[in-house]
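Below: the structure, in structure tokens.
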Amino acid sequence: CAPLGALPDNPHHSTMADAATRARHLCDFLEVATHTILKERNLYPAEIFSDRRCFGVPVSMARHPDVEAYVKKTLKSVEPLLAAGSVEAV
Numbered sequence: 013c014a015p016l017g018a019l020p021d022n023p024h025h026s027t028m029a030d031a032a033t034r035a036r037h038l039c040d041f042l043e044v045a046t047h048t049i050l051k052e053r054n055l056y057p058a059e060i061f062s063d064r065r066c067f068g069v070p071v072s073m074a075r076h077p078d079v080e081a082y083v084k085k086t087l088k089s090v091e092p093l094l095a096a097g098s099v100e101a102v
């Protein structure tokens, strides 16, 4: 998990690049939020979670390969839709 960086403050960046950056950052946030929900609702054993630091705060994220892959795959499929502005609600 990487810290959320600042969005570029450059008027020469294209709108598409800015949308893609915002979509990537939102997906990073949603990944952490999804893992938090999975842990807090006890949907998986506590043993599969490990403490990490994301966005400058400590978080717990699943370390089971299948859970990690499912969350990443799901968010990766949503990312282009977010960038294109095709998503009305999450």
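FYI, the numbering for the sequence shown is 13 to 102, going by the working numbering.
We put the CB at the ideal spot given by N, CA and C, even for glycine.
1. Out of curiosity, what's the CA-to-CA distance linking A126 and G68?
2. Please classify M73: is it buried, with 16 or more other beta-carbons within 10 angstroms of its beta-carbon, or exposed?
3. Measure the alpha-carbon distance for E52 versus K88 and round it to whole angstroms.
4. So, are the CB atoms of A45 and A95 less than 7 Å apart?
5. Roughly how many angstroms lie between the CA atoms of Y56 and D30, to the nearest whole one?
6. What does DSSP give as the partner residue(s) for D63 in the beta ladder?
7. Assuming E91 contacts C39 (C-beta within less than 8 Å), just tell me the rounded distance between them.
With the given structure in hand:
1. Missing from the structure shown is residue 126; the chain here goes from 13 to 102 and no further.
2. With 16 or more other Cβ atoms within 10 Å, it is buried.
3. So the two alpha carbons sit approximately 23 Å from each other.
4. Against a cut-off of 7 Å, the Cβ pair of A95 and A45 comes out as no contact.
5. So the alpha carbons of these two residues sit roughly 36 Å apart.
6. Paired residues: S72.
7. So it is a contact: roughly 5 Å between Cβ atoms.
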